[in-house]
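*Asks:*
Residue numbers (my numbering): 23 to 268.
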């Protein structure tokens, strides 16, 4: 009698143990991306630090902004716009260069770091496929970092514009020349176009190569990523010269 009761009670428990929990693919991708941000916090902390340092330097430099705006009144509109756009272009170029460096170092360390510190053994035990892991890592340089770069650049330039406007208003000057010559919507469209073409399209094969080297190389992935293209580049002129001679 007792054995029958125990069997009846254990039956639901056995059915629950046999049925594995199915995690949706979208949730797996979400947590895979969260994992990348947990393990590589520097991919967003470094550009934020660069933007903060640039804003600090810009805050010091706008002390002379009223004098510069008075001097620009006698120039033609094209030179006025170039002079006004110069610090905003510098901010965008600095942040774009920072994100390119961050993306390169992330790609070259993305898959090699896990084998070096043996954390791959832990992540292999998780119910996440290798395809999801690779797609999550590839989406960081091809999608996440360009979007993050655009957001940080837009916020930085907006703060610069607000600071400049406050300084001009405090000195009794009009802010209309600044806003008119800057044409912020046009600048944002050009910035977005640059991110889509450069970060997402032009550099995509290079990022894919770095990820491939990171997954293959056991040591010195940076050297393995650079030496083969250099060797191929050095061999190309010789081949072209030989073809011309023949």
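The beta carbon of each residue, even a glycine, is placed where N, CA and C say it ideally should be. Just so it is clear, the structure is predicted and the values come from calculations on it, not from any experiment.
Count the other C-beta atoms from every protein chain shown that fall within 10 angstroms of the C-beta of residue 110, then say buried if there are 16 or more, exposed otherwise.
*Replies:* It counts as buried.
*Asks:* Judging by CA-CA distance, which residue of 74, 170, 81, 52 is the nearest neighbour of residue 213?
*Replies:* Closest option to residue 213, Cα to Cα, is 170.
*Asks:* How many whole angstroms separate the CB atoms of residue 190 and residue 91, which I take to be in contact at a CB cut-off of 8 Å?
*Replies:* Between residue 91 and residue 190 the Cβ distance is about 7 Å, and since that is below 8 Å, they are a contact.
*Asks:* Within its chain, find whatever has a CB closer than 8 Å to the CB of residue 143; leave out the 5 residues flanking it on each side and keep chain order.
*Replies:* Caution is warranted here: a pLDDT of 46 is assigned to residue 143, below 50, making its placement in the model unreliable, and no coordinate value can be reported.
*Asks:* I'd like to know if the segment 165–183 and the segment 230–241 are in contact, where contact means that at least 3 CB-CB pairs between them fall below 8 Å.
*Replies:* Contact between the segment 165–183 and the segment 230–241 is absent, because fewer than three Cβ pairs lie under 8 Å.
*Asks:* Between residue 128 and the rest of its own chain, which residues show a CB-CB distance below 8 Å, the 5 nearest in sequence each way excluded?
*Replies:* These residues qualify, in order along the chain: 62, 65, 162, 163, 167.
*Asks:* Under a three-way DSSP split, which group does residue 233 fall into?
*Replies:* Three-state DSSP puts residue 233 in a helix.
*Asks:* Which complete alpha helix (DSSP H) runs does the segment 165–246 hold, if anything under 4 residues is left out?
*Replies:* Here the runs fully enclosed are 167–192, 198–204, 206–216, 226–238.
*Asks:* Using CA atoms only, rank isn't needed, just tell me which of 115, 235, 87, 210 is closest to residue 72.
*Replies:* Here the closest residue by C-alpha is 115.
*Asks:* Keeping to the same chain, check which residues put their C-beta closer than 6 Å to that of residue 235; ignore five residues upstream and five downstream.
*Replies:* If we look at residue 235 and ignore the five residues flanking it on each side, its Cβ neighbours are 243, 246, 247.
*Asks:* Leaving aside the five residues before and after residue 237 along the sequence, list all residues of the same chain whose C-beta is less than 7 Å from its C-beta, in chain order.
*Replies:* So the qualifying residues of the chain are 133.
*Asks:* Thinking residue 186 and residue 200 are a contact (beta carbons under 8 Å), I'd like their distance in whole angstroms, please.
*Replies:* 6 Å between Cβ atoms; contact.
*Asks:* Under 8 Å by Cβ, that's how I've got residue 160 and residue 51 pegged, so tell me the actual separation to the nearest angstrom.
*Replies:* Contact doesn't hold; Cβ gap of about 12 Å is too wide.
*Asks:* With residue 117 and residue 175 assumed to form a contact (beta carbons below 8 Å), what rounded beta-carbon distance in angstroms separates them?
*Replies:* At roughly 5 Å, the Cβ-Cβ gap stays under 8 Å, so residue 117 and residue 175 are in contact.
*Asks:* If you follow the alpha helix (DSSP H) that residue 70 is in, where does it begin and where does it stop?
*Replies:* Start and end: 64–83.
*Asks:* Helix, strand or coil: how does DSSP classify residue 104 here?
*Replies:* Helix.
*Asks:* Check whether the Cβ atoms of residue 155 and residue 54 sit closer than 7 Å, and answer yes or no.
*Replies:* It is a contact, given that the beta carbons lie within the stated cut-off.
*Asks:* Taking the alpha carbon of residue 79 as the point to measure from, which residue in 60, 113, 220 has its own alpha carbon closest?
*Replies:* Looking at the Cα atoms, 113 is the closest of the given residues.
*Asks:* How long is the line joining the alpha carbons of residue 226 and residue 122, rounded to whole angstroms?
*Replies:* The straight-line gap from Cα to Cα measures roughly 12 Å.
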